[in-house]
Amino acid sequence: MRTSSPVRWPLAGLAALVLLNAVHDPGFLKVMLLDGHLYGVPVDILTQGSRTMLAALGMTLVIATGGIDLSVGSVVAIAGAVSAVLLQGGHSLAVTLAGAIGAGLLAGSINGTLVARLGVQPIVATLILMVAGRGVAQLVVDGQVIIIQRPAFAYLANGFLLGLPFAPLLVAALYGAAHLVLRRTALGLFLEAVGDNETASRFAGLAAARIKAGAYVFCGGCAGLAGVLAAANIRAADAYRAGENLELDAIFAVVVGGTALAGGRFTILGTAVGALLIQTLTTTMYNLGVPPAVAPVPKALLIIGVALLQSEKISRWLGGLGRGKTA
Amino acid sequence: MRAWQRFAGRNLPLLVTALIFAALFGTAAHFYDGFFTARVFIGLLADNAFLGIAAVGMTLVIFAGGIDLSVGAVIGFTSIFTATLIEQHHLAPGLAWALALAAGAGLGAGMGGLIHFFRLPPFLITLAGMFLARGAGFWISTESVGISHGLFARISGYELVLGPVVFPANALFLLAVMLAGYVVAQHTRFGRTLLAIGGNEQSALLMGLPVGPAKVAVYAVNGLCAAVAGIVATLYTGSGNPSMGLGLELDAIAIVVIGGTLLTGGRGHMLGTLLGVLIFGTIQAAILFDGRLSSWWMRIVVGGLLLVFILLQRFFLRRK
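The following block contains the structure:
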């Protein structure tokens, strides 16, 4: 029934923001080739936005099942702490990555078990790790900020592959893989079915609990990898600040991208655009000289606006205006 | 015996909370010298006064099946807002406080209106409210503003002496708000309406209860509580700070849940929230008394308690 693409609104928003920036600062869109690497504000947005995009990818699946994961920021802190400690212990990069992502998967499976097996409300279940997770991360690093001096690790966040920044490439590959797995198989449909009506999908023969739990585990894994990128970006594990408010940015990206918070449908492309929109908004405010502390205000207005647009009442009004009659 | 059984059946979570508090306080008193004193006990209330006040409002919101993530940010906003008005614009403290209370209640009512009329998820709207309030606070000033007005020193220095027990002003504020919250929650039509909405909004509507006004009002009351908490916090520290109350909403929610209130709404007791504040304070004081345990154990223990209580609630609900 919906013939128009769900991505058009976030895309239009992104285009408007880019236009605003380009008018304000003509150098905004300029991308240069220095030492065989690409540089420029758009490249920065992609690089800095890669963590939000990653967290938002996992969040998309969780929200598709009608859930929410508030623990993403804390899991980022845990994964960063684990990777710093492993690197300090002289372990190889592979072991470190496995450890950090494994920590994320473990956190995700705790959330998944609580939500899918024990039937705890998602906000409540993930609140536990949100509260305790940062404490666990500080326990892992013993309250210190551990400096990471491994060039290969820093490459993950700030390196270049064939002149292109590595982190966005990695994230793009993951988005592509997720799209293939979810949209070229029935898995995406299963997720939507569980999010739409869990009981009905169980009666239809779906392993609803397993699908739900799987979404949380995947989200935890994404948060783990985002934690690695966050630690690699600043070359340190900061258990106190790492991933601060990342869960909010991720949820915003998903909602702005057009995925329904009530669950039942999702768009991976929309989430990618939503995450870019959030990051561009942040960069725009830096460019316009808005103090970083005030930056949350436009974000808040944006999210209220998008939530209102998605609400039934408003869409009925708008529908009434546009077409005269709606079903 | 019957009456006792009925009381126990209805208030089982409350009893569990009371037992946990007694066990925690007893254990701490056993291990640490000088813990089992009235001073420490009053300190549990005084040191967590503004957290407790915020938890009272949060209890009411959670009664109605909602959630409010903006309280920490409203505390920060209130703190810097009143401090700037009093110090830099030389407003009378009473007027500054009245404006802050109106701002808190207004933000709450606005969020409640959005949540009710457009059927938007409470956590999303209050998240936006948190960003708004925190951003507005930092907009006023990014640095803390010291308050030299004499009234502040007089109020925060006040102590009520009852025999051997000394109540600092903070503890009195908390007890007063707790008492008001208790009356509203347990003995008014409004409190019962909230529980009915939390139990089943559709049924509450069919019963003819004023669901819409109650939902908007409860967020306004919670905003008011958060503003009061911000004023008390400003009195306590003697300065306005826009980053005050960072992450406090999580502690407030944890306290409400530990107090035996069902996070899905519909069941709970204001006394549980008082016990929750005491449990929270006991853990904090024990970690402080010990000296060897780092502060981050606080978060882990609170997370663990949350887990225990949520699982207990699941268990009780399943049996029903």
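Quick note, the sequences are listed as chains U and P, same order. Every number in the working numbering is 1107 more than the matching position in the first sequence, counting from 1. Every number in the working numbering is 14 more than the matching position in the second sequence, counting from 1. From the three backbone atoms N, C-alpha and C, an ideal C-beta is built for every residue, glycine too. These numbers were taken from a predicted model, which means no experiment stands behind them.
- The Cβ atoms of isoleucine 272 of chain P and glycine 290 of chain P sit closer than 7 angstroms to each other.
- Not flagged as an interface residue toward chain U: glycine 305 of chain P, since no C-beta distance is shorter than 7 angstroms.
- Interface flag for proline 1403 of chain U against chain P is set, since a Cβ pair is found closer than 7 angstroms.
- Taking 7 angstroms as the CB threshold, glutamine 1386 of chain U stays off the interface with chain P.
- Chain U has a Cβ within less than 7 angstroms of the Cβ of arginine 328 of chain P.
- In the DSSP assignment, proline 182 of chain P falls outside any alpha helix (DSSP H) and lies within the beta strand (DSSP E) extending over 179 to 182.
- The C-beta distance from threonine 1387 of chain U to glycine 1377 of chain U rounds to 15 angstroms, too long to meet the 8 angstroms contact threshold.
- With fewer than 16 other beta carbons inside 10 angstroms of its own, isoleucine 1254 of chain U counts as exposed.
- Under the criterion of beta carbons closer than 8 angstroms, alanine 240 of chain P and valine 85 of chain P qualify as touching, at roughly 4 angstroms.
- Secondary-structure assignment with DSSP links tyrosine 250 of chain P through no beta bridge to anything.
- Listed along the chain, the chain U residues whose CB falls inside 7 angstroms of the CB of serine 158 of chain P amount to none; the nearest CB is some 13 angstroms away.
- Rounded to the nearest whole angstrom, the C-alpha separation of isoleucine 301 of chain P and leucine 186 of chain P is 24 angstroms.
- Boundaries of the beta strand (DSSP E) harbouring leucine 176 of chain P: 173 to 176, taken from the DSSP string.
- Judged by DSSP secondary structure, methionine 1237 of chain U falls outside any beta strand (DSSP E) and instead within the alpha helix (DSSP H) spanning 1229 to 1247.
- Look at glutamine 1245 of chain U: its C-beta is under 7 angstroms from a C-beta on chain P.
- Between the segment 1209 to 1217 of chain U and the segment 1330 to 1344 of chain U, the count of Cβ pairs shorter than 8 angstroms is three or higher; the stretches touch.
- The three-state reading of DSSP puts tyrosine 1323 of chain U in helix, counting H, G and I together.
- Around the beta carbon of aspartate 47 of chain P, fewer than 16 other beta carbons sit within 10 angstroms, so the residue counts as exposed.
- Among the residues of the segment 1410 to 1423 of chain U, those with a Cβ less than 8 angstroms away from any Cβ of chain P are Ile1410, Ile1411, Ala1414, Leu1415, Ser1418, Glu1419, Lys1420 and Ile1421, in the order of the chain.
- Boundaries of the beta strand (DSSP E) harbouring leucine 1141 of chain U: 1138 to 1141, taken from the DSSP string.
- Across the structure, valine 1278 of chain U and alanine 1239 of chain U are spaced so that their CA atoms are roughly 28 angstroms apart.
- Here the segment 1126 to 1139 of chain U makes no contact with the segment 1257 to 1276 of chain U; the two share fewer than three CB pairs at distances below 8 angstroms.
- CA-to-CA, the gap between alanine 266 of chain P and leucine 105 of chain P works out to about 31 angstroms.
- For valine 230 of chain P, the three-state secondary structure derived from DSSP is helix.
- Beta-bridge partners of alanine 1343 of chain U (DSSP): U:Ile1254.
- Taking C-beta atoms as the reference points, glycine 1327 of chain U and isoleucine 314 of chain P fail to come closer than 7 angstroms.
- Excluding its 5 nearest sequence neighbours in each direction, glycine 295 of chain P has C-beta neighbours in its own chain below 8 angstroms: Gly57, Leu58, Leu59, Asp61 and Asn62, listed in chain order.
- Across the set U:Val1335, U:Ala1400, U:Asp1345 and U:Asp1176, the C-alpha of U:Val1335 shows the shortest separation from the C-alpha of glycine 1206 of chain U.
- Distance from the CA of glutamate 1299 of chain U to the CA of proline 1405 of chain U, rounded to the nearest whole angstrom, comes to 31 angstroms.
- Glycine 261 of chain P and threonine 275 of chain P do not touch by the CB rule: their CB atoms are close to 20 angstroms apart, not below 8 angstroms.
- Across the structure, arginine 1224 of chain U and leucine 1313 of chain U are spaced so that their CA atoms are roughly 15 angstroms apart.
- Residues of chain P with a Cβ closer than 9 angstroms to the Cβ of alanine 1239 of chain U are, in chain order, Arg313, Ile314, Val315, Val316, Gly317, Gly318, Leu320 and Leu321.
- With contacts defined by Cβ atoms closer than 7 angstroms, glycine 252 of chain P and isoleucine 154 of chain P do not form a contacting pair.
- Leucine 1353 of chain U and leucine 1236 of chain U have their C-alpha atoms spaced approximately 14 angstroms apart.
- Counted as a single uninterrupted DSSP element, the stretch harbouring glycine 1377 of chain U is not any beta strand (DSSP E) but the alpha helix (DSSP H) occupying residues 1375 to 1394.
- Straight-line spacing of the CA atoms in glycine 124 of chain P and alanine 52 of chain P works out to 42 angstroms.
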